[in-house]
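One structure is given below, encoded as structure tokens.
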Amino acid sequence: MKYVDEFRARDLAEKLARQIAHEARPDQDYHFMEFCGGHTHAIFRYGVQDLMPDNVEFVHGPGCPVCVLPVRRLDDAVELAEKFGVILCTYGDMMRVPGTKQRSLIRAKADGADVRMIYSTQDALKIARENPDREVVFFAIGFETTTPPTAVAILQAEAEGLKNFSVFCNHVLTPAAIAHLLDSDDFAPDGPARIDGFLGPSHVSTVIGSKPYEGAAEKYDKPVVIAGFEPLDVMQSVLMLIRQVNEGRHEVENEYTRVVTREGNKKAQALVDKVLEVRDDFEWRGLGTVAFSALKIRDAYAFFDAEKRFDVSEKRSRETKSCECPAILRGVKKPTECKLFGTVCTPDNPMGSCMVSSEGACAAYWTYGRFRDGNKTGAKRPEAAE
Amino acid sequence: MCLAIPAKVTALEAGDMAVVAFEGVKKRISVALVDDIDVGDYVLVHVGYALHRVSEEDAMRTLALMGEAGILTEELQEMKEGAA
Amino acid sequence: MNALERPARLTGSVDMTHGGGGRAMADLIRDLFQRHLSNAFLDQGNDAALLPAETGRLVVSTDGHVISPLFFPGGDIGSLSVHGTLNDVAMAGAKPLYLTAGFILEEGFPLADLERIVISMATAAREAGVPIVTGDTKVVEKGKGDGVFITTTGVGTVPDGVEISAKRVKPGQAVLISGSIGDHGVAILSKRENLEFETEIRSDSAALHTLVAAMVEAVPGIAMLRDPTRGGLSATLNEIAHAAQIGMKLDEAAIPLKPDVHAACELLGLDPLNVANEGKLICICEAGDAEKLLAVMRAHPKGADAAIIGHVVEDDACLIQMETGFGGARVVDWLAGEQLPRIC
Chain A
1 MKYVDEFRAR DLAEKLARQI AHEARPDQDY HFMEFCGGHT HAIFRYGVQD
51 LMPDNVEFVH GPGCPVCVLP VRRLDDAVEL AEKFGVILCT YGDMMRVPGT
101 KQRSLIRAKA DGADVRMIYS TQDALKIARE NPDREVVFFA IGFETTTPPT
151 AVAILQAEAE GLKNFSVFCN HVLTPAAIAH LLDSDDFAPD GPARIDGFLG
201 PSHVSTVIGS KPYEGAAEKY DKPVVIAGFE PLDVMQSVLM LIRQVNEGRH
251 EVENEYTRVV TREGNKKAQA LVDKVLEVRD DFEWRGLGTV AFSALKIRDA
301 YAFFDAEKRF DVSEKRSRET KSCECPAILR GVKKPTECKL FGTVCTPDNP
351 MGSCMVSSEG ACAAYWTYGR FRDGNKTGAK RPEAAE
Chain B
387 MCLAIPAKVT ALEAGDMAVV AFEGVKKRIS VALVDDIDVG DYVLVHVGYA
437 LHRVSEEDAM RTLALMGEAG ILTEELQEMK EGAA
Chain C
471 MNALERPARL TGSVDMTHGG GGRAMADLIR DLFQRHLSNA FLDQGNDAAL
521 LPAETGRLVV STDGHVISPL FFPGGDIGSL SVHGTLNDVA MAGAKPLYLT
571 AGFILEEGFP LADLERIVIS MATAAREAGV PIVTGDTKVV EKGKGDGVFI
621 TTTGVGTVPD GVEISAKRVK PGQAVLISGS IGDHGVAILS KRENLEFETE
671 IRSDSAALHT LVAAMVEAVP GIAMLRDPTR GGLSATLNEI AHAAQIGMKL
721 DEAAIPLKPD VHAACELLGL DPLNVANEGK LICICEAGDA EKLLAVMRAH
771 PKGADAAIIG HVVEDDACLI QMETGFGGAR VVDWLAGEQL PRIC
């Protein structure tokens, strides 16, 4: 596949691996957070860490929209499907995520709720057109990448006069989360975790551009390299980060120039801005309440807002006890440091969201990296090395 | 992340829709988010929407950069060996 | 006689009388099942088929077939129900001899569709040279079935000296596959509601018993055969690893994958290793026999793209590890349930 296979080429990987080993200073450790689950997935799926020197470590970030969605919002979606009898349209990713008492959309579906897996918001509109007598709710999740298609669907529903379509909006914002992480005690100079630089979001940046990270790079003295999701992109970006660290720079650089510009996709930004506005705050699993970190539907489009159309109940949602998803999402703990990992919690029987999404750190460790137990990149480090 | 892959536009349709090809796999997507799409362009597709045009020139430049990495190492090696 | 010479001619739809044991049922059996599936054993017309006794070891396998959509690129539930069971019998190293078929029909199911399915079964059975010797039909009320479910049972004999078993899988042995992976699953997904995409990829649904016959003749000592159906290659290899208490090392670059299957999997966020096949087999044999077996497989039309994809290793954790095409390493895990398309 053009623009895919070239960026998975083994010969270039070997060259880049040699170069990284050459430039990484032996007397220094490099801790780079890959913000996005897409990077986490690529690193494990292709075994990128095998091509890294021992002193380059990946810290997995919270950039998995499935993982950061708080249980309460998922419980709300289940309630919409069960209590209000709507056709709930969802991306496949959310189907198996466990809510309170392990209740997931796939369980609700088995018990008779009308939950439909879709690939695109266009499919949700089609379902709404075909079922004029039913309420159709689109369960919108995702970062800035996934947001414009939601905005387009709302505008299209308005233009078509689709009265039975609404959106349960859970879109979240990346730069706010990065700033929140860097402000936290975890990453304070004497905190438990350390980041020397960021592999910046790929596809989020196609929409918002590389500019929004410039403030954070400056304020927190952290280099950011916008990195594509293919494994060679990850390696090239690591090399660029190592160079910045070695040279004491902390700039926003762009490795993914083939689809990311400084300004991003202005048309998409304008459409989002027309329909959605920033919430004062939003709860993130793992990060807690983060100010100005999510989007809601503007009053002008309130008709399409499922939160206003349906009176979902206040509920006491509960995370699974002992689930370390929150700490893992902050990059403070590794999946193998969770008591549930691999014992009670496996992809067959996920206790937390990080084990469900294929880009969740726990699922990536379990599915692809289990044999690494005990080495630098897998899991828990040997006690002696601590 | 956001799963998105490049595809080639093979036909434009009414209502901001287009048919794109991933190898031999064809899918109808929306091009409402990107202006001035032409048949033959490559676009990055996410959840059935084109998000951005793919720049051939930049893709080539990135690959060239990656390719240079190893050469540099080898050259350095040769230089060292030359010095020794 | 092929399917084209006997076009579907029934009209109307299945109703409760078709399963009621009366004349409507007798008519359906005569006009549909006997007409298309006719052979000496079925035509005995008894509830049980009288078959000649066989010498040696018998194998029996049964498989229920439910699939949506019923008709898909490269096949339908009829051909699939024949191929699936023939392959299960063949994976014991056996020569399949007879098939039986049980139908659960949903009230309201179009008889023309049913006839297409039965013609497809007849064609598949005839091409395989294995007759359907007895059958059964039941009708359930509308809403209690998904059109049609078919359960087939196959009987076969295993040649002397052939002993296919996970117990014989040992470290050092080679792992082979008969062709490209994921074709069936991608063909099915391309027709799934709200996911539709266009592709030339067709299901690989096929009977593999003649391929198996050629393989066991060349190398009677084959340790293990299995068809990687639901759950794909990863599920099958993990099952074998756990049964044999061994691990495996695979080479991703050696695993045959069609460009369109690769593309469809990228589009939907699926791993082709987890995608279903219906006309492929995994074979594990002594390393010294691998090249010979590979040549035999490649000489057969159902094994033209066969490849050696890895080898068996000692591993108490029974992990399937793979060197990625990129040069790293990863585990190949099996999935809990169906692999769902994803957007992130």
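Protein chains in written order, with our numbering: chain A, 1 to 386; chain B, 387 to 470; chain C, 471 to 814. Heads up, the beta-carbon is just placed ideally off N, CA and C, and yes, glycines get one too.
Could you tell me which residues DSSP puts in a beta bridge with alanine 816(C)? A question about residue 816(C) goes unanswered here, because the residues of chain C that appear run from 471 up to 814.
Within its chain, find whatever has a CB closer than 6 angstroms to the CB of threonine 178(A); leave out the 5 residues flanking it on each side and keep chain order. By one-based count along the first sequence, residue 178(A) stands at place 178. The sequence as given places isoleucine at residue 178(A); threonine does not occur at that position. Taken in chain order, the residues that qualify are Ala216.
The alpha helix (DSSP H) that contains phenylalanine 437(C), what's its start and end? Within the shown structure, residues of chain C are numbered from 471 to 814, placing residue 437(C) beyond reach of any answer.
For the region 221-289 of chain A, which segments carrying the beta strand (DSSP E) assignment without a break, of at least 3 residues, lie completely within its bounds, in sequence order? 224-226, 252-254, 276-278, 281-284
Contact defined as beta carbons within less than 8 angstroms: I believe isoleucine 423(B) pairs with alanine 436(B). What is the distance between those atoms, to the nearest angstrom? Here residue 423(B) refers to the residue found at position 37 when the second sequence is read from its first residue. Here residue 436(B) refers to the residue found at position 50 when the second sequence is read from its first residue. Right, the Cβ-Cβ distance comes to about 7 angstroms (below 8 angstroms), so this counts as a contact.
Within chain A, the residues that aspartate 424(B) reaches when beta carbons sit closer than 9 angstroms: As a working note, residue 424(B) is residue 38 in the second sequence. Chain A residues near aspartate 424(B): none, gap ~16 angstroms exceeds 9 angstroms.
Using a beta-carbon distance below 7 angstroms, is isoleucine 813(C) in contact with chain A? Position 343 of the third sequence, counted from the start, is the residue given in the question as residue 813(C). Chain A, which has a Cβ nearer than 7 angstroms to the Cβ of isoleucine 813(C), makes this yes.
What separation, rounded to the nearest whole angstrom, lies between the Cα atoms of arginine 447(B) and serine 205(A)? Here residue 447(B) refers to the residue found at position 61 when the second sequence is read from its first residue. Here residue 205(A) refers to the residue found at position 205 when the first sequence is read from its first residue. Distance between the alpha carbons of arginine 447(B) and serine 205(A): 19 angstroms.
Pair every Cβ in the region 748-759 of chain C with every Cβ in the region 689-696 of chain C, then say whether three or more of these pairs are closer than 8 angstroms. yes
Residues in its own chain within less than 6 angstroms of threonine 532(C) by CB, not counting five upstream and five downstream? Taking the first residue of the third sequence as 1, we reach residue 532(C) at position 62. Around threonine 532(C): Thr623.
Would you mind stating whether aspartate 444(B) and arginine 258(A) have Cβ atoms separated by less than 7 angstroms? The residue you call residue 444(B) lines up with position 58 of the second sequence. The residue you call residue 258(A) lines up with position 258 of the first sequence. In this structure, arginine 258(A) lies closer than 7 angstroms to aspartate 444(B) by Cβ.
Taking the alpha-carbon positions, what's the alanine 473(C) to alanine 683(C) distance? By one-based count along the third sequence, residue 473(C) stands at place 3. By one-based count along the third sequence, residue 683(C) stands at place 213. Below a pLDDT of 50, predicted positions are generally treated as unreliable, and alanine 473(C), at 45, falls in that range; the measurement from the model is reported next regardless. If you take the alpha carbons of alanine 473(C) and alanine 683(C), they lie about 27 angstroms apart.
Entirely within the region 671-720 of chain C and at least 4 residues each: give me those alpha helix (DSSP H) ranges in chain order. 679-688, 702-714
Checking contacts by CB at 7 angstroms: is valine 801(C) closer than that to chain A? On the third sequence, residue 801(C) is found 331 positions in, with the first residue counted as 1. Taking Cβ atoms only, chain A reaches closer than 7 angstroms to valine 801(C), which makes this a yes.
Are isoleucine 779(C) and leucine 727(C) closer than 7 angstroms when you measure CB to CB? On the third sequence, residue 779(C) is found 309 positions in, with the first residue counted as 1. On the third sequence, residue 727(C) is found 257 positions in, with the first residue counted as 1. No, the Cβ-Cβ distance between isoleucine 779(C) and leucine 727(C) is not below 7 angstroms.
Using beta carbons (cut-off 7 angstroms, strictly below), is glycine 739(C) in contact with chain B? Translated into the one-based positions of the third sequence, residue 739(C) becomes position 269. Yes, contact with chain B.
List, in chain order, every chain A residue whose beta-carbon is nearer than 7 angstroms to that of glutamate 409(B). As a first step, residue 409(B) must be located in the second sequence, where it is residue number 23. By Cβ distance, chain A contributes Met1.
Assuming leucine 398(B) is part of the beta strand (DSSP E), what are its boundary residues? As a position in the second sequence, residue 398(B) is number 12, starting the count at 1. 390-399 is the span of the beta strand (DSSP E), which, as asked, contains leucine 398(B).
In angstroms, rounded to a whole number, what distance separates the CA positions of histidine 39(A) and serine 357(A)? Here residue 39(A) refers to the residue found at position 39 of the first sequence. Here residue 357(A) refers to the residue found at position 357 of the first sequence. Roughly 13 angstroms between the two C-alpha positions.
Can you list, in chain order, the stretches of the beta strand (DSSP E) that have 3 or more residues and sit fully within the region 292-327 of chain A? 295-297
Chain C within 7 angstroms of lysine 380(A), Cβ atoms only: Your numbering for residue 380(A) matches position 380 in the first sequence. A caution first: lysine 380(A) carries a pLDDT of 31, below 50, which makes its placement in the model unreliable, though a value can still be read off. No, lysine 380(A) lies away from the interface with chain C (no Cβ there is under 7 angstroms from its Cβ).
For glutamine 244(A), return the contacting residues in chain B, with the cut-off set at a CB-CB distance below 7 angstroms. Taking the first residue of the first sequence as position 1, residue 244(A) is located at position 244. What glutamine 244(A) touches in chain B: nothing, since even the nearest Cβ is about 15 angstroms away.
Measure the alpha-carbon distance for alanine 445(A) versus glutamate 454(B) and round it to whole angstroms. Because chain A spans 1 through 386 in this model, residue 445(A) falls outside it and cannot be assessed.
Any C-beta of chain B sitting closer than 7 angstroms to the C-beta of histidine 203(A)? The residue labelled residue 203(A) in the question sits at position 203 within the first sequence. True, the Cβ-Cβ gap to chain B drops below 7 angstroms.
I'd like the span of the alpha helix (DSSP H) that includes proline 65(A), first residue to last. Mapped onto the first sequence, residue 65(A) falls at position 65. Here the alpha helix (DSSP H) through proline 65(A) covers 65-68.
When the distance is taken between beta carbons, is tyrosine 368(A) closer than 7 angstroms to arginine 800(C)? Taking the third sequence and counting its residues from 1, the one referred to as residue 800(C) is at position 330. Taking the first sequence and counting its residues from 1, the one referred to as residue 368(A) is at position 368. Result yes, Cβ atoms of arginine 800(C) and tyrosine 368(A) sit closer than 7 angstroms.
Does valine 86(A) have its Cβ less than 7 angstroms from a Cβ in chain C? Here the question's residue 86(A) lines up with position 86 in the first sequence. Chain C, which has no Cβ nearer than 7 angstroms to the Cβ of valine 86(A), makes this no.
Could you please give the first and the last residue of the uninterrupted beta strand (DSSP E) stretch that includes glutamate 576(C)? Within the third sequence, numbered from 1, the residue matching residue 576(C) stands at position 106. That run of the beta strand (DSSP E) goes 565-576.
Compare the Cα-Cα distances from histidine 553(C) to each of Val529(C), Glu585(C), Leu678(C) and report the closest residue. As a working mapping, residue 553(C) is identified with position 83 in the third sequence. It is Leu678(C) whose Cα lies nearest to the Cα of histidine 553(C).
Who are the Cβ neighbours of glycine 378(A) in its own chain at under 8 angstroms, not counting the five residues just before and after it? Along the first sequence, read from residue 1 onward, the residue named residue 378(A) stands at position 378. For glycine 378(A), the pLDDT reaches just 34, beneath the cut-off of 50, and the residue's location in the model is therefore unreliable, leaving the point undetermined.
By the three-class DSSP mapping on this structure, what secondary structure does leucine 584(C) have? Taking the first residue of the third sequence as 1, we reach residue 584(C) at position 114. In the structure shown, leucine 584(C) sits in a helix (DSSP, three-state: H, G or I).
Please name the residues in the region 559-589 of chain C whose beta-carbon is closer than 8 angstroms to at least one beta-carbon of chain B, in chain order. none
Is the beta carbon of asparagine 349(A) less than 7 angstroms from the beta carbon of histidine 438(B)? The residue labelled residue 349(A) in the question sits at position 349 within the first sequence. The residue labelled residue 438(B) in the question sits at position 52 within the second sequence. No, the pair does not count as a contact, with Cβ atoms beyond the cut-off.
Helix, strand or coil at asparagine 170(A) according to DSSP, with G and I counted as helix: As a position in the first sequence, residue 170(A) is number 170, starting the count at 1. Strand.
Given 8 angstroms as the limit, is there contact between the region 763-776 of chain C and the region 707-717 of chain C, that is, 3 or more CB pairs closer than that? no
When the Cα atoms are used, what is the spatial distance from phenylalanine 165(A) to proline 192(A)? Walking along the first sequence from the start, residue 165(A) turns up at place 165. Walking along the first sequence from the start, residue 192(A) turns up at place 192. C-alpha separation (whole angstroms): 46 angstroms.
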